[in-house]
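Engineer: Could you have a look at this structure, given as structure tokens, before my questions?
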Amino acid sequence: GDWEATAAETAELGRHVAESGSLAAGGPGGGGAEPGKEPPVEDLIATTGDAYHLLRFVSTPFDSTVFLHLWLDRNDGNLALARIRLAEMADRLVLG
1 GDWEATAAET
11 AELGRHVAES
21 GSLAAGGPGG
31 GGAEPGKEPP
41 VEDLIATTGD
51 AYHLLRFVST
61 PFDSTVFLHL
71 WLDRNDGNLA
81 LARIRLAEMA
91 DRLVLG
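Following our numbering, the numbering of the sequence shown begins with 1 at its first residue and continues without gaps.
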């Protein structure tokens, strides 16, 4: 596939999810991520015929939406293990 287009579309999808109040822990009106607080959504998984796209949102001390994007082959990838490892990586990131 077109890597640049996929990256741009995934970034747009991540931004929409992060800003969606209906997906926040408190439900509608919960708002997006606030500085220093946990993001309203932990992971987002999009599936296609041959791939999984896993987005892991990262908490930041500043007002921004940061997430990691992992593109897994659907036949060879282990989605459960990928979620665990990506969460570990996100926890080790130092942003700010």
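Here a beta-carbon is modelled for each residue, glycine too, at the ideal position from N, C-alpha and C.
Here the structure is a predicted model, which means the values were calculated and not measured.
1. Is the Cβ-Cβ distance between A18 and V41 less than 8 Å?
2. Would you mind stating whether L54 and G14 have Cβ atoms separated by less than 8 Å?
3. Between the alpha carbons of G121 and I84, how many angstroms are there, rounded?
4. L93: buried (16+ other C-beta within 10 angstroms of its C-beta) or exposed?
5. Cα-Cα, which of T10, Y52, L44 is closest to N75?
6. Can you give me the C-alpha to C-alpha distance between E12 and M89, rounded to a whole angstrom?
7. Between the Cα of L70 and the Cα atoms of L81, S64, T60, which residue gives the shortest distance?
8. According to DSSP, which residues form a beta bridge with V58?
Structural biologist: Let me spell this out:
1. yes
2. no
3. For residue 121 there is no data in the structure shown, the boundaries of the chain being 1 and 96.
4. exposed
5. Y52
6. 22 Å
7. L81
8. V66
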